[in-house]
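Sequential numbering from 13 applies to the sequence shown in our numbering.
Glycine included, every Cβ here is placed at the ideal spot set by N, Cα and C.
Down below is the structure, laid out as structure tokens.
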Amino acid sequence: MSTKTFPDDCISSPTRRAPAGKPESRQQQALQSTTTMSLHTAPITRREEKLLQVHLLLCCCALAAFFVLAILTFFFYNMYKPKVPSYDIQDLRVKSFDLQPGSILNTELLVNVKADNPNSHIGFTYGDDSSIDVVYSDANLCTGKLPYFYQGHQNTTLMTIDLVGKSVLASGVQEDFAQRQKEGKIPLLVKVKVPLRIVIGNMPLRQFKVFLNCSLVVDSLTPNKKVGVLSSNTTLYFEF
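Spelled out as structure tokens, the structure:
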């Protein structure tokens, strides 16, 4: 019997398969990589957890405060039924209207302003920083201020305000005024600004500002003569 000898590199060993039930090597590597990544994910620290709890608590408190404020506002509105005070210029009297050399105009007026508070449970305090101006064609003729006082609920107050001023009228304004005076139709703008504070019972609340612009057309500005108001238009707005 003859024996054949083969080179070592020609002898092939049988293919070794992975044991049943075990993944391939690449699958093992992918699984190991995923496990490594999950192990490197940092867990939430106790400090971060507390901060998150505080944040959630603050959000809940803010939401609760919003609902409480909405309920209180609804309750306040339905209980007190707040109404806006109304204002009206009742009368205008001329004490002095003297045009001197140099186009200097000295003016003194008396204005009666009626303030009506229709609220049954709400009063108003009129502050010190008030003003009232009478303007003709962008020229401020005179100025004054409202008195400081408290106006109770369902109250009507008539205020007599003394307005004094000295202004310089341009030649064009003088000519225009002379023509208006002759026609008996003089347009004036009365501007009122007053700070108001709401008072419920004995408790003062927030202060706001009232702005009143009253466009008047009067028949004359002759001193010691009754001024007739031909037309009046009042606008009112607030600043909180």
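(1) Using DSSP bridges, identify the partner residues of L117.
(2) Expressed to the nearest angstrom, what Euclidean distance is found between the alpha-carbon atoms of H133 and I210?
(3) Would you report the Cα separation of A190 and P207, rounded to the nearest angstrom?
(4) Which of helix, strand or coil does DSSP assign to K221?
(5) Tell me the rounded alpha-carbon separation between T47 and L75.
(6) Rounding to the nearest angstrom, what Cα-Cα distance links N236 and Y162 in this structure?
(7) Inspect the CB distances between the segment 213-225 and the segment 105-114 and report whether three or more fall short of 8 Å.
(8) Quick check: the Cα distance between K221 and L63, rounded to an integer number of angstroms?
(9) Where do the N-terminal and C-terminal ends of the beta strand (DSSP E) with P97 fall, by residue?
(10) Please name the residue, chosen from V202, Y148, M171, that lies closest to E187 on a Cα-to-Cα basis.
(11) Taking all protein chains shown into account, decide if I144 is buried (16 or more other Cβ within 10 angstroms of its Cβ) or exposed.
(12) Counting only the same chain and skipping the five closest in sequence on each side, list residues whose C-beta sits under 7 Å from that of Y249.
(13) With 16 other CB atoms within 10 Å as the buried threshold, where does S142 fall?
(14) Do the CB positions of L181 and L117 come within less than 8 Å of each other?
(15) Are N124 and Q102 close, meaning C-beta to C-beta below 8 Å?
(16) Between E195, N131, V202, which lies nearest to K93 when the distance is taken from Cα to Cα?
(17) Taking 8 Å as the threshold (C-beta atoms), are T155 and G177 in contact?
(18) Since Q163 is in the beta strand (DSSP E), which residue starts that stretch and which ends it?
(19) Would you list the one or two residues that DSSP bridges to A151?
(20) Can you find the residues in the same chain that come closer than 8 Å, C-beta to C-beta, to K238, ignoring five residues on each side of it along the sequence?
(21) Check each candidate in N152, T246, N245, L200 and name the one with the smallest Cα separation from S232.
(22) Give the straight-line distance between the Cα atoms of N167 and G114, rounded to the nearest whole angstrom.
(23) Please tell me whether V230 and L217 are closer than 8 Å, where the distance is taken between their beta carbons.
(24) Rounded to a whole number of angstroms, what is the C-alpha to C-alpha distance between P97 and A127?
Inspection of the coordinates gives the following:
(1) Answer by DSSP bridge pairing, in chain order: L111, S179.
(2) Those two C-alpha atoms are separated by around 11 Å.
(3) Each residue's Cα considered, the two are about 36 Å apart.
(4) In the three-state reduction of the DSSP assignment, K221 falls in the strand class.
(5) Low confidence applies here, because T47 scores a pLDDT of 49, under 50, leaving its location unreliable; read the following figure in that light. Taken atom to atom, the span from the alpha-carbon of T47 to that of L75 is near 42 Å.
(6) Answer to the nearest angstrom: the Cα atoms are 32 Å apart.
(7) Output reads no: the segment 105-114 does not touch the segment 213-225.
(8) Those two C-alpha atoms are separated by around 43 Å.
(9) In the DSSP annotation of this structure, P97 is not part of any beta strand (DSSP E), being labelled neither H nor E.
(10) Comparing C-alpha distances from E187 to each of V202, Y148, M171 shows the shortest one belongs to Y148.
(11) Counting Cβ neighbours within 10 Å, I144 comes out buried, since at least 16 surround it.
(12) So the qualifying residues of the chain are F223.
(13) Buried, because 16 or more other Cβ atoms sit within 10 Å of the Cβ of S142.
(14) Between L181 and L117, the CB-CB gap stays under 8 Å.
(15) If you check the CB distance, N124 and Q102 come in under 8 Å.
(16) The residue with the shortest Cα to Cα distance from K93 is N131.
(17) A contact, by the Cβ cut-off of 8 Å.
(18) That run of the beta strand (DSSP E) goes 161-163.
(19) The partner list for A151 (beta bridge, DSSP) reads Y148.
(20) The answer, listed in chain order, is R105.
(21) Closest by alpha carbon: L200.
(22) CA-to-CA, the gap between N167 and G114 works out to about 46 Å.
(23) In this structure, L217 does not lie closer than 8 Å to V230 by Cβ.
(24) Cα-Cα distance, rounded: 7 Å.
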